[in-house]
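> Dumping the structure here so I can ask a few things about it.
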Amino acid sequence: MKRTLLPLVIVFLYFSSTTAQDSWTDLMQMEDPPSGIQGTEIQSSNLVIPASGVDFYMDQVMFNDGCSISNAPVAEDFTSSRIGPNNISDGCLGSISDTSDDACYAPGDVQSGFTLTPTEDDYVVLGTGSLGAPSYAAGPNTFTDNTIFSFTSSVNAVSFELITPFAASAVFTVEVFGASGSLGSTNINSNGNTPVFLGMIASEDITQILVTNTTDTGELFTSLTFDSCADFTVPTLGQWGAIILGLLLIIFSFSLAKSRNLHKA
0 MKRTLLPLVI VFLYFSSTTA QDSWTDLMQM EDPPSGIQGT EIQSSNLVIP
50 ASGVDFYMDQ VMFNDGCSIS NAPVAEDFTS SRIGPNNISD GCLGSISDTS
100 DDACYAPGDV QSGFTLTPTE DDYVVLGTGS LGAPSYAAGP NTFTDNTIFS
150 FTSSVNAVSF ELITPFAASA VFTVEVFGAS GSLGSTNINS NGNTPVFLGM
200 IASEDITQIL VTNTTDTGEL FTSLTFDSCA DFTVPTLGQW GAIILGLLLI
250 IFSFSLAKSR NLHKA
């Protein structure tokens, strides 16, 4: 009986010590940190999810097609960090922006135009390979925390890739905000250490994006892109009238000029 119980006790103690940690830095302070969960191959049936003021894209190719004419695309992969591969930060203060100056980033290390802010605590950076991360990843240090992306430039197209090293499938709510308020929201499921893509193109400038972790498993971001796409709108009846009137004036002017040339001849 004692021989049967001993392995069970060891397993229980291991998982108890893992779940007792409430942040990424706590996990890395363990004597034998657990490895992350590798994702599985998944397929999404809804590649484009329309909302009231924003369309969500689960496929990067379709997102790129939706923003086929871009003005100033910006890409951030969080790799220009003071944290080396297979390491995790301790001392990342407040938010991530191009003015950050802490243990994780120096001023200018990340692209300008955005800020990543945990809703309560500090942020964290995982180097490639740390806890099984496939690349550099950044996000809230505390598992129960959520993420706010803010933008200081004119941006209406945003995408990111998200991982959850210790959750095979965690649910996140993503809500997009503009000057008029909430533009729409959707849910996405993570896939362990395999990055999950989500893109969004809004009908107006995006000021904030709130990523809410509904399962308290900790979200990390391996990439972020933002852009200002050309805005194609369907003309109103009044605009159509102005267009038709302009065309008629051009035709009339051309006919008048042709008639005068015939008279001169």
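Mapping the sequence shown onto numbering that gives the first Met the number 0, position 184 (from 1) lands on 183, and the numbers just tick up by one. Glycine included, every Cβ here is placed at the ideal spot set by N, Cα and C.
#1: ILE68 to THR78, Cα distance in whole Å?
#2: Thinking C-alpha only, which one of GLY131, GLY52, PHE142 and SER227 is nearest TYR122?
#3: Rounding to the nearest angstrom, what Cα-Cα distance links CYS91 and ALA102 in this structure?
#4: Please name the residue in LEU182, ASN85, SER96 and ALA136 whose C-alpha comes closest to that of LEU209.
#5: Along the beta strand (DSSP E) that carries GLN207, what are the first and last residues, could you check?
#6: Is VAL173 near THR185, with beta carbons less than 9 Å apart?
#7: Would a C-beta distance cut-off of 9 Å place THR24 and ASP100 closer than the cut-off?
#8: For a test of the three-state rule: what should DSSP assign to PHE62, helix, strand or coil?
#9: Please classify VAL60 as buried or exposed, where buried requires at least 16 neighbouring CB atoms within 10 angstroms.
#10: Taking the straight line between their C-alpha atoms, what separation do you get for ALA71 and ILE187?
#11: Given GLU160, which residues of its chain have a CB within under 6 Å of its CB, disregarding the five upstream and five downstream residues?
#12: Please report the residue range of the beta strand (DSSP E) in which TYR56 lies.
#13: Apart from the five residues just before and just after THR296, which ones in its own chain have a Cβ nearer than 6 Å to its Cβ?
#14: If we ignore side chains and look at the alpha-carbon of each, how far apart do VAL175 and ASN85 end up?
#15: Taking the alpha-carbon of ASP144 as reference, which of PHE165, ASP120 and ASP204 has the nearest alpha-carbon?
#16: Using CA coordinates, which residue listed in LEU247, CYS228, ILE250 and ILE249 is at the minimum distance from ASN63?
Looking at the atomic coordinates:
#1: Computed Cα separation, rounded: 27 Å.
#2: Selected option, being the one with the closest Cα: PHE142.
#3: Taking the straight line from one Cα to the other gives about 6 Å.
#4: Of the candidates LEU182, ASN85, SER96 and ALA136, the one whose C-alpha sits nearest the C-alpha of LEU209 is LEU182.
#5: For GLN207, the uninterrupted beta strand (DSSP E) segment begins and ends at 205-212.
#6: Taking 9 Å as the Cβ cut-off, VAL173 and THR185 qualify as a contacting pair.
#7: Against a cut-off of 9 Å, the Cβ pair of ASP100 and THR24 comes out as no contact.
#8: Secondary structure of PHE62 (DSSP, three-state): helix.
#9: Classification for VAL60: exposed.
#10: Cα to Cα, ALA71 sits roughly 27 Å from ILE187.
#11: Excluding sequence neighbours, GLU160 sits near PRO194, PHE196, THR221 and SER222.
#12: Where TYR56 is concerned, the enclosing beta strand (DSSP E) starts and stops at 53-56.
#13: This structure does not reach residue 296, given that the chain is present from 0 up to 264, and the question cannot be answered.
#14: When rounded, the distance between both Cα atoms is 33 Å.
#15: Out of PHE165, ASP120 and ASP204, ASP120 has the C-alpha closest to the C-alpha of ASP144.
#16: If we check each option's Cα against that of ASN63, CYS228 comes out closest.
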